[in-house]
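Reading the sequence shown from the start, the letters are residues 11 to 745 in the numbering used here.
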Amino acid sequence: MKITKNCIGILLLLFTLLSSCSSSGEKKYRIGVSQCSDDIWRDKQNSELKIGAYFHDKVELRFAAAFDSDERQIQQIDSLVKTGIDLLIVAPNQVSTISPAIDRAYDKGIPVIVFERKTNTKKYTAYMGADNFEMGHLMGEYVASRLNGRGKIIEVMGLKGSSPAIERHNGFREAIAAHPGIQVIATLQGDWTEPTATSTVKHWLDVNKGTHVDLVFGMNDRTAMGARKAFIQAGAALPLFCGIDGLPGENGGIMQVRDSLLDASYMYPTHGDKLIQLAVDILEGRPYQKETKLMSALVTRDNANVLLMESEEVMRQSQYIEKLHLTARGYVKQLANQRTLTLLALATVVLLLLLLLGIYMYYLQKARIDDERTQMERDQLDFYTQVSHELRTPLTLIEGPLTQLAETSDIKNATAGARELLAIVRRNTHQLTQLINKMLDAQVGTPRDGMTSQQIDAITAMQLDPVTQPQEVAECDEEAPTILIVDDNADIRAYLRSVLQGRYRLLEAEDGSRGLELAREQVPDLIVSDVMMPVMNGLEFCQKVKNDVISSHIPVILLTARALNQHQIEGYQSGADAYITKPFSHELLLVRIDNLLHSRHQLKDLWSARPAQVHPEPQVATTVGSEELHIEDAFISRFKKVVEEYMGDSNVSVEELAAKMGLSRVQLYRKVKALTGNTPVDLLRKARLSRAKQLLTTTGQSVSEIAYQVGFASPSYFTKCYKDEYGVVPGDDRK
Ligand code: FRU
């Protein structure tokens, strides 16, 4: 049991270890990425962020895109913060609108990286992005040179209030201003998206039909392409279109330049990998640059092809990295599984070893206990064998002479009592021999070897006198005290009978139950009882005797082979007055009986000492000390009340008085006699005389009147009794 518990404990420990080993113990960095928009530029940047994160396996990215809505971006930042991010990367939709959400994140202690678009709050940790002013400026210079310093251009702006739109415009206009031959004939408001550009430009074309345009500068490639669409829709002559972003791939600016849809673009750097590196540096407390400026280049028809090839190569490499990452992740998983399996196997081996150790220890202990038990049994056997042999010799020497003695003419002519005593001795010697033989047989498991078969047969064949079992032996003085013997062994009863008869009147019962019946019916003066008996044992019997008001006063002697202190304690607890252990001397028994009967006499002044009063009937009677007195006192008081009530009635009988007490005549007689030394009739007479004496001294009534009043049928009998009781005739006590 203990071993199993230990094993379970170790198993649990191992599993805890396993689980802690299989999950990397390092903390994960949760980085929230709040994009203001969702488009191919953002897509490119997000996938770079993801690839960047592969190089930092502690990084977990959480993306959100606001689709150019301030409100949505504010909400998304707040909820990213709520999910518990460790760092926020944000491209704010406009300069001022998103600032409160950025402030909230920053104030919570979350580091904030603003990238690509600017904010007017100072609460950010770092900024990373390209120089949009410079970009606008370069584009202005390119346009001027492309148009050879002369021409009409339209500028289509990015989202109002967003920092790249403002800065690109400023840079562009500053460069253009240096070329007076270039005329910006319209500055239209876009929002970075193609549809808005198309509709805005289309509207302008509709209003300014026939106006010649040399070039349209859209602030990003999508805007430029949107404007181109408007020109096509309006059926106007197509000017040159320039944009910004210069993205690789299908629908990207580089391809549009190569295909002459756009005249030029500018590669607006995404650099998601650099952004992740900056974030990790901040999170890990490494030094970092507060402002990082990203560099880039112009895309024209001259370099579009090369750039496209290069960017396609980069994309291929990215895809390759992605693949590598997936494969590596598979390996890592496999490795983790293998480690778990190895640890499990190790745990199983350890468990098995422990189990084996447990089993080994168990058998070791069992073997030791078995050895000890065998040794004990051997010692016990030696002891029994020795004792049995020792007992047999004297037993043989008792049985033999006894058999001879029984044959002598002296014994044959002896009294029945003497012959019975001898028979008891012979029967029990025989029984003892058999017991010893049985004991030896049980221990050795072989036929008896200490006694010859002739001896055994001789004993078995002995003519044993039958046991006599009289229920009542009353061959003694009528006045002698009655003793009830309760024992299931007929020989013990016979022996007790031989010891007690002649001195006491005897009653016998073979178990506690029958004993109880006799105790109630006959109310003996004393009880001698065995303890171990069938039906009802002696302890229960004694307790019942002591709890019954009829028998509670009867002294009980427990006579038993149970010699231990604990047994004696149990005996006294059951209410026994004496506890004698077998074997016992008959003199001791006689003295104990005599003492107990004698001490009963000490209760006999109960009648004269106590005035009549009603005591509550005790529920449980015990026989110890003052409590016993109290119980018997209560009985006598009750009886006194009954006597006083009925003494005026000269016809009242003892039967009637007994009935009033709820007892039979015999029960009342015995109980009252035992407690007071007087019979109920004596007590009735004493009560009558005592009342008469009182009346004689306190009233003027005549002797005859008083005699009748106290229940005497004739005055002359009253006078006789009075004289017997008080030594004087009633007239002498007259006042
Ligand atoms: C992408 C984008 C780009 C543009 C940039 C300006 O969302 O519109 O096309 O160059 O943002 O912030």
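A virtual CB, placed ideally from N, CA and C, is assigned to each residue, including glycine.
Please read these numbers as outputs of a predicted model, since none were measured by experiment.
Asked: Boundaries of the alpha helix (DSSP H) in which Y505 is found, first to last residue; Found: A500 to L510
Asked: Closest by C-alpha distance to T135, when choosing among L288, D381, V653 and D389; Found: L288
Asked: Range covered by the alpha helix (DSSP H) that runs through L699; Found: P690 to T708
Asked: G245 in three-state terms, based on DSSP; Found: coil
Asked: Same chain, Cβ closer than 7 Å to G263, neighbours up to 5 away in sequence not counted; Found: D231, G253, D255, G256, L257, L272, S275 and V309
Asked: Which of helix, strand or coil DSSP assigns to M167; Found: coil
Asked: Y196 (DSSP reduced to helix, strand or coil); Found: Here residue 196 is Ala; the residue named in the question, Tyr, does not match the sequence. Correct three-state label for A196: strand.
Asked: For V662, the first and last residue of its enclosing beta strand (DSSP E); Found: Unbroken run through V662: none, as it is neither H nor E.
Asked: Pairwise C-alpha distance: K60 and A338; Found: 15 Å
Asked: Segment limits, alpha helix (DSSP H) that includes R296; Found: Per DSSP, R296 belongs to no alpha helix (DSSP H) and is neither H nor E.
Asked: The alpha helix (DSSP H) enclosing I264, as first and last residue numbers; Found: G263 to R268
Asked: CA-to-CA distance, R326 to M319, given in whole angstroms; Found: 10 Å
Asked: Per-residue DSSP class, three states only, for K683; Found: helix
Asked: Segment contact, 8 Å Cβ cut-off, at least three pairs: the segment 87-94 with the segment 157-165; Found: no
Asked: For D255, the three-state DSSP class (helix, strand or coil); Found: strand
Asked: Straight-line Cα distance separating V533 from L678; Found: 9 Å
Asked: Residue closest to D216, alpha-carbon to alpha-carbon, out of L225, A237, E204 and M229; Found: A237
Asked: Beta-bridge partners of V538, as assigned by DSSP; Found: I495 and I567
Asked: Minimum C-alpha distance to I493 - residue among V739, R515 and L549; Found: R515
Asked: Among S321, L699 and D78, nearest to E260 - alpha-carbon criterion; Found: S321
Asked: beta-carbon N230 near the ligand FRU non-hydrogen atom, thresh 6 Å; Found: yes
Asked: Host alpha helix (DSSP H) of Q86 (start-end); Found: D80 to K92
Asked: Collapsed DSSP secondary structure at T310 in the structure displayed; Found: strand
Asked: Neighbourhood of A588 by C-beta distance below 6 Å, restricted to the same chain and skipping five residues each side; Found: I567 and R602
Asked: For L272, the three-state DSSP class (helix, strand or coil); Found: coil
Asked: Between the CA atoms of K651 and Y732 - distance to the nearest angstrom; Found: 22 Å
Asked: F73: first and last residue of the uninterrupted beta strand (DSSP E) it sits in; Found: V69 to A75
Asked: Closest by C-alpha distance to H596, when choosing among V223, K683 and L506; Found: L506
Asked: Coil, strand or helix - Q711 by DSSP; Found: coil
Asked: L98 vs A115 beta-carbon contact at 7 Å; Found: yes
Asked: Span separating the alpha-carbon of E184 from that of A307; Found: 19 Å
Asked: Residues of its chain near H640, where Cβ-Cβ distance is below 6 Å and the 5 sequence neighbours each way are ignored; Found: none
Asked: Enclosing alpha helix (DSSP H) for S109 [first to last residue]; Found: S109 to D117
Asked: Closest residue to G139 among F77, L148 and T129 (Cα-Cα distance); Found: T129
Asked: Outcome for N575 when other beta-carbon atoms lying within 10 angstroms are tallied against a minimum of 16; Found: exposed
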